[in-house]
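Working notes for the structure below.
Numbering (full-length UniProt numbering), first residue to last: 1 to 1168.
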């Protein structure tokens, strides 16, 4: 049973004041008849007793005397007297209110209770204080609230219970609940700027329906998200044009008004932006609300926190005035008059009506106007999922056999099936296919978007003629002159407004473009399924096409017919020049304009325009154009397709290129895609070098496939930097991506990666960017994407990306963000300086950090950094920490052990291989693991000089039942492992005489080789090099190895799989070239030393060119076969300076190879 025992005191009965005047007399006469409160105040000005409410309202400013009533009755008696003063209807409403909001508080038979019975039950349920509070709250505001609610609901039911669904508003309307199909609505999304056409969003989104998402119902719109403490005030719902945002709002309002949902909301006020565009004079917020909901006048205080008010701001994308959240005037007074856009910004910021709920709907491109800090929840209307598409057609079409055939046809065309995510397109398709697929209808059923929209235009025109002119002809293709004039006028209007980016337009817009307003109204009355006129709040005229895609198609029809009939290019504003264009000229201009668009608003228009030039659509439009057009007789699609293919090669923006490939598809030219598709299926793509335009075709192919890729490996495709850039959009449709060593360095590359990460419902969870040059600006782009609410990336690898200090600051901020989903971070082979390590550790210790695995191999860490790392172990969620090849030494391990012994440390796997650890370090680790049986299960101490006693101390723990250690690695140890840096991995190499060219002379110990003009008397051997001055070393390398060489002259140093001369390539002229040894061999890695220049080669291609700061004739080489890294170091004054690192996957043992030239020599040195 409800209880209000903790409620605040009822001031007029419980507040303590000094007694000033003794009040006696009949208590019934001591209650204010207006406010039902005790008369505790004497107004000296009017010489009358008043209540406290009267004192601050009607008697405000008067001289008053406050007093305490000594004879105030007990709560039950006061309630009985109070209820006795209200009217019968109000008393019955009060009983109903108690019974509904506090079930059981009035017992089993509340209808039999009179005033005294109600008072008795209330005091029993809530105690006196709570009972008084509930009663006076209802009497003071409840009556006006209830009256306003009932009027509000009645008005909204009257406005929203019907839907036109393309049918004339003057005709028969459809009951919304009869045809409404639930939409697929999900939580999540962000305010990122959308720079592509919404149809592209639909095409990408369609394949993500297989990804597990959390759908929500209208009842959950304002529910608090898991882990969120702050109450949700503002919800932003996004969705592309025609996806059903306004209809969803209509259904939400209707369900509430009929008492089916969201019963806690008391009043709803819809504020459509298309109406607000017309409010150009100043308003106060209270005036604006009264305009749209006059019933609110019944409520005395619109700011009363007890009033749960919902304001619905529908279609932000239609608002034409700027919403400036940074410079707008502050307004917190609901009665102050100001501009409407000032009211809106202050309303959204919470300065006005902070207790009210806000629901804003918008197309994605406009949603970014609202700063994210003012939005508490983002939802997305995804339209129909696959099951809902079928449900819609079965509801819409009575003949279920016909409905099944239509569904089958829609599924046979991927482009049509994808577009059916949009409810309006489902209606449009049903309108066309229901007529065309009936028994009587003959003709080819539309399979492309252009065909579908063209049939729709003609069928609706035919229906208009039957309805208004009594036409009986069955051929929808037959157009009268008036039909033609109407279509072209509507097309011209569509084109004018599309160029301006307008979806809705007003009388002033039409006049500005010289359009007759009366004609526009006439068109809207006879062809409402295409173009409609709506009336605003005060019957102002608002015009719009039924859907943006219909506007785009009509604009394309106008542009096409104008060119075919009059040689007119509608994009050319100079009337003298615009009548001298061919259809190819128009197409080329349209392609250029679409490529210049910042948001892709002409992309679908361009597809329609090109599709209309095909013969199938020409026959449909034959009555719309003059007889046999000489222009169409001369026209061939070849010129347009060649121009588009040229633009595909020139254009750099991957998304624009993909739309151009859609355009080729509209022209029935799929040669580029089919060529790639054939190679892709045969597996030949990985062997051939791809041109950039071929990469675009591959990206298009992968993006348009029905399945989300499990993995996209960019390293499989041989192409240029431009080609790799064009493949990056594929990241939007894969779960894992490998971009390892792809020479990504430009800001456009990282921008494309970032865009993919934060795209709506991105499936990408695992991304490897290792061995690319990731600049600070690139890291900033990535980190901004990683904290996007859309980004779900869990694993990212940034090994050997040359990260600088500022990059670690950005990464730390990312780890601290509540939006970050990262659980695995790989920073191997980056030189982390002191400030970078400090920043990173601060991020790891944030309570928002979700990271479980951190890899910091060979990052230049020392014992100094172990203090911060120990703190990380105490205050983070880390389960795995890899510190391989950092010279931490025993002192550093001692610090780490302090973290390990902490009871809250959750670490399960620790890698300390090659960290200069000895017996002393083992003692620290053993002590930590023994003193606090930790979570640690795996410990790697390979390549260390532990000594027998050190190994024994740790091995004992494996048998300790109190210790969870399960796996201990201590192999590859020895005294040599006590050297700093890679020299601890020094290996002994000897030259293989059986491979040496006969012009190479080997020393007796096989440690030195030099060029000689005199051939050496080596015996014949199948492994001997005969044409290249090369020699291999005998040893097969499989683990971690390091060696040094000193040279004179010009030489090449490389590693490769075991090879013979036949494995080397031949020059293009068919001759062997002495410079084509290891540098041209398949799967080889080499360093070419020429004077003061170092060139690095892999698979016959130059990977890098470096000019070392100090002249050096000695280099060190470090190979780690397990991790697939090969690093080269310049050695000067015994100091190693890192030059370059190759990364690969080594599948066989590797061999060192040396190549010499005339006068050169190489010595294999013993590292010091």
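Even glycine gets a Cβ: it sits at the ideal position worked out from N, Cα and C. In this text, all values refer to a predicted model and were calculated from it rather than measured experimentally.
Worksheet entry | Exposed unless 16 or more other CB atoms sit within 10 angstroms - verdict on residue 1148 | Exposed, because fewer than 16 other Cβ atoms sit within 10 Å of the Cβ of residue 1148.
Worksheet entry | For residue 973, the nearest candidate out of 981, 989, 990, 951 (CA to CA) | Taking residue 973 as reference, the option from 981, 989, 990, 951 with the minimal CA-CA separation is 951.
Worksheet item: From what residue to what residue does the alpha helix (DSSP H) around residue 893 run?
Response: Start and end: 889-900.
Fill in: With 16 other Cβ atoms within 10 Å as the buried cut-off, status of residue 564
The residue is buried, with at least 16 neighbouring Cβ atoms inside 10 Å.
Worksheet item: Would you report the Cα separation of residue 430 and residue 908, rounded to the nearest angstrom?
Response: For residue 430 and residue 908, the distance between alpha carbons rounds to 59 Å.
Item to complete: Could you spell out the range, first to last residue, of the beta strand (DSSP E) harbouring residue 238?
Response: From DSSP, the beta strand (DSSP E) with residue 238 extends over 234-238.
Item to complete: With a threshold of 16 other CB atoms inside 10 Å of the CB of residue 398, please say whether the residue is buried or exposed.
Response: Looking at its Cβ environment, which holds fewer than 16 other Cβ atoms inside 10 Å, residue 398 is exposed.
Worksheet item: So residue 870 and residue 899 are in contact, right, with Cβ under 8 Å, and what is the actual spacing, rounded?
Response: That pair is a contact at about 3 Å.
Worksheet item: Which of helix, strand or coil does DSSP assign to residue 1116?
Response: If DSSP states are grouped into helix, strand and coil, residue 1116 belongs with the strands.
Worksheet item: Roughly how many angstroms separate the alpha carbons of residue 803 and residue 720, rounded to a whole number?
Response: Here the C-alpha atom of residue 803 lies approximately 24 Å from the C-alpha atom of residue 720.
Worksheet item: Alpha carbon to alpha carbon, how far is residue 580 from residue 243?
Response: So the two alpha carbons sit approximately 40 Å from each other.
Item to complete: Could you spell out the range, first to last residue, of the alpha helix (DSSP H) harbouring residue 1098?
Response: Run containing residue 1098: none in the alpha helix (DSSP H); it sits in the beta strand (DSSP E), 1093-1098.
Worksheet item: Which whole runs of the alpha helix (DSSP H) in the region 382-444 are 4 residues long or more, in chain order?
Response: Unbroken alpha helix (DSSP H) runs of no fewer than 4 residues, entirely contained in the region 382-444, are found at 386-396, 400-412, 414-419, 423-436, following chain order.
Discussion item. I need the DSSP call for residue 504, collapsed to helix, strand or coil.
Written reply: Strand.
Practice prompt. Ignoring anything shorter than 4 residues or poking outside the UniProt domain "NACHT" (233-366), list the alpha helix (DSSP H) runs there in chain order.
Written response: Fully enclosed alpha helix (DSSP H) runs of 4 or longer: 245-257, 273-276, 285-292, 340-349.
Discussion item. Quick check on residue 326: buried or exposed, where buried means 16 or more other Cβ atoms within 10 Å of its Cβ?
Written reply: Counting the other CB atoms within 10 Å of its CB gives residue 326 a total below 16, which places it among the exposed residues.
Worksheet item: The alpha helix (DSSP H) spanning residue 658 covers which residue range?
Response: Where residue 658 is concerned, the enclosing alpha helix (DSSP H) starts and stops at 654-666.
Practice prompt. May I ask you to report which of helix, strand or coil DSSP gives residue 860?
Written response: If DSSP states are grouped into helix, strand and coil, residue 860 belongs with coil.
Item to complete: Kindly indicate the opening and closing residues of the beta strand (DSSP E) around residue 824.
Response: Segment 824-826, the beta strand (DSSP E) holding residue 824.
Worksheet item: For the beta strand (DSSP E) that contains residue 1010, what are its first and last residues?
Response: Unbroken beta strand (DSSP E) run through residue 1010: 1008-1011.
Item to complete: Might you give, ordered along the chain, the residues of its own chain that have their beta carbon closer than 6 Å to the beta carbon of residue 648, omitting 5 neighbours on each side?
Response: Annotation for residue 648: 657, 660, 693, 696 place their beta carbon closer than 6 Å to its own, counting only its chain and skipping 5 residues before and after.
Worksheet entry | Cβ pair count under 8 Å reaching 3, the region 1115-1132 against the region 1153-1164 | No, the region 1115-1132 does not touch the region 1153-1164.
Fill in: Status (buried if at least 16 other CB within 10 Å, exposed otherwise) for residue 307
Under the 10 Å beta carbon count, residue 307 is surrounded by 16 or more other beta carbons and is classified as buried.
Worksheet item: Roughly how many angstroms lie between the CA atoms of residue 923 and residue 866, to the nearest whole one?
Response: Straight-line spacing of the CA atoms in residue 923 and residue 866 works out to 17 Å.
Practice prompt. Specify the secondary structure class of residue 63 as computed by DSSP and reduced to three states.
Written response: Coil at residue 63, not helix or strand.
Practice prompt. Classify residue 340 as buried or exposed, calling it buried when 16 or more other Cβ atoms lie within 10 Å of its own Cβ.
Written response: In the assembly as shown, residue 340 is a buried residue. Its beta-carbon has 16 or more other beta-carbons within 10 Å.
Discussion item. Is it buried or exposed, residue 293, if we count other Cβ atoms within 10 angstroms and call 16 or more buried?
Written reply: Its Cβ being crowded by 16 or more others within 10 Å, residue 293 is buried.
Worksheet item: With DSSP run on the structure shown, which of helix, strand or coil describes residue 572?
Response: In this structure, residue 572 counts as coil in the three-state DSSP scheme.
Worksheet item: With respect to the alpha helix (DSSP H) encompassing residue 1107, which residues constitute its N-terminal and C-terminal limits?
Response: First-last for residue 1107: undefined, no H or E at that position.
Discussion item. Could you check whether residue 877 and residue 856 sit closer than 9 Å to each other, using their CB atoms as the reference points?
Written reply: For residue 856 and residue 877, no; Cβs fall outside 9 Å.
Fill in: Cα-Cα separation between residue 1034 and residue 1058, rounded to whole angstroms
Take the alpha-carbon of residue 1034 and the one of residue 1058: they are about 10 Å apart.
Discussion item. Going by DSSP, what residue range makes up the alpha helix (DSSP H) through residue 695?
Written reply: Residue 695 -> alpha helix (DSSP H) spans 692-704.
Worksheet item: What's the call for residue 1110, buried or exposed, on a 16-neighbour Cβ count within 10 Å?
Response: Classification of residue 1110: exposed, given that the 10 Å Cβ count is below 16.
Practice prompt. Quick one: measure Cβ to Cβ for residue 792 and residue 821, integer angstroms, because I've assumed they're closer than 8 Å.
Written response: Residue 792 to residue 821, Cβ: 5 Å. Contact.
Worksheet item: Are residue 930 and residue 960 close, meaning C-beta to C-beta below 9 Å?
Response: Annotated as proximal: residue 930 and residue 960, with beta-carbon spacing under 9 Å.
Item to complete: Counting only the same chain and skipping the five closest in sequence on each side, list residues whose C-beta sits under 7 Å from that of residue 1083.
Response: For residue 1083, where only same-chain residues beyond five positions count, the Cβ hits under 7 Å are 1056, 1057, 1099.
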